[in-house]
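Next up, the structure:
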C-alpha cells in the first residue's frame with residue numbers, strides 16, 4: 001500500500017491546563033486524496049490545519065511527512081511541501097504587486113523569496129495567461145493589474161494558483177470559497193476541483209457546504225469534539241446524503 005503523505009498519530013492539542021481541542025486524533029492522508037472536512041464550530045477543523053502546517057504545536061502525539069517525524073519542524077520549513085489557501089481573499093497575495101508578479105513570487109515557495117532578478121519574460125506571461133484562463137473569471141486579462149484592485153473572486157483565484165504554482169505535497173484549502181458570493185464561490189469551487197484532479201494534487205478542504213462536501217473529493221471526514229467521527233471514501237462516500245451528514249451536527 002502507498003505510504004501516506006501526512007500522518008497524524010494521537011495528535012492532541014490542549015489549551016490552558018485542561019481544554020483539549022484535538023483529542024488523540026489519528027489521520028492518514030494518501031497521495032491523490034482530495035478530502036473534504038466537515039464539523040461544527042469548535043470541532044477542531046482549523047486546529048487540525050494549524051497542526052499540519054506547523055502553526056500550532058502538539059501537546060502530545062506526532063506528525064509525519066512521508067514517514068519522517070516533523071512534529072518539531074517549524075511552519076516556515078513545512079512550506080516546502082505544504083501550501084495553504086485561507087478564507088480571506090486578502091491573505092496570500094501581495095496587494096501592490098501585479099497578478100503576474102504574484103505568480104512569479106509564488107515560484108519561490110519553500111525558498112527565500114525575493115524580487116531581485118525577477119524576469120517576466122514573454123514566455124512566462126504566456127504561461128501565466130494560459131494558467132489564469134483556466135479559472136474562468138477573466139483573470140487572464142488582468143495580469144498587469146495590482147492584486148489589491150482585483151475582485152474578491154479573482155484575488156482568491158490568484159491565491160489558489162499561487163498555492164499550486166509549485167506543486168505542493170499537500171494543499172490545505174481553509175474554507176477558501178466561504179467569503180465569496182454563491183455564484184463566485186461555485187465558479188471557484190469548480191475550477192479548484194479541475195485543478196486538483198487534473199494535477200493529481202493531494203488536498204484537504206474545510207467547508208460548511210454539505211453539497212460541496214458530497215460533490216467534490218474522493219474522501220470525506222467529519223470532526224466532532226476534536227476527533228474524526230466519520231471517514232468515508234469511494235462508494236461509501238457516494239452513498240451519503242446531506243441528511244446523513246446533518247446527523248453529525250445534532251447535539
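Numbering (full-length UniProt numbering), first residue to last: 1 to 251.
Glycine included, C-beta positions come from ideal geometry on N, C-alpha and C.
query                                                                                                                                                   : result
Answer with buried or exposed for residue 247, where buried requires no fewer than 16 other C-beta atoms within 10 angstroms of its C-beta.             : exposed
With a CB to CB cut of under 7 Å and the five nearest residues on each side skipped, what residues in its chain are close to residue 117?               : Bear in mind that a pLDDT of 49 at residue 117, under 50, signals an unreliable position, so the model cannot answer this.
Which first and last residues belong to the alpha helix (DSSP H) in which residue 96 is found?                                                          : Note, residue 96: premise wrong, no alpha helix (DSSP H); not H, not E.
Just checking, does the segment 177-185 make contact with the segment 125-134 on the three C-beta pairs under 8 Å criterion?                            : no
Between the segment 219-231 and the segment 37-53, do at least 3 Cβ pairs fall closer than 8 Å?                                                         : yes
Which of the three DSSP states, helix, strand or coil, is assigned to residue 117?                                                                      : Residue placement at residue 117 is poorly supported in this model, since its pLDDT is 49, which falls under 50; the coordinates are not used for a value here.
Look at residue 253 and residue 85 and say whether their C-beta atoms are less than 7 Å apart.                                                          : Here the chain covers residues 1 to 251 and nothing more, so residue 253 does not appear.
Since residue 202 and residue 3 are thought to touch, with beta carbons under 8 Å apart, how far apart are those beta carbons, to the nearest angstrom? : That pair is no contact at about 12 Å.
DSSP has residue 82 in a bridge; who is on the other side?                                                                                              : 170
Ignore the nearest five residues each way along the sequence and tell me which others in residue 12's own chain have a CB closer than 7 Å to its CB.    : 20, 22, 23, 24, 58, 59, 60, 61
Would you kindly report the start and end of the unbroken alpha helix (DSSP H) that includes residue 155?                                               : 152-164
According to DSSP, residue 62 sits in a beta bridge with which residue or residues?                                                                     : 9
Have a look at the DSSP bridge pairing and note the partners of residue 37.                                                                             : 206, 221
Since residue 146 contacts residue 96 with CB under 8 Å, what's their CB separation in whole angstroms?                                                 : 6 Å
Could you work out which residue in 216, 107, 241 is closest to residue 165 when comparing CA atoms only?                                               : 107
So residue 171 and residue 49 are in contact, right, with Cβ under 8 Å, and what is the actual spacing, rounded?                                        : Not really, about 11 Å apart at Cβ, beyond 8 Å.
Can you grab the Cα-Cα spacing for the pair residue 271 / residue 99, in whole Å?                                                                       : In the structure as shown, the chain starts at 1 and stops at 251, and residue 271 therefore has no counterpart that could be examined.
By the DSSP assignment, the alpha helix (DSSP H) with residue 183 in it spans what residues?                                                            : 182-198
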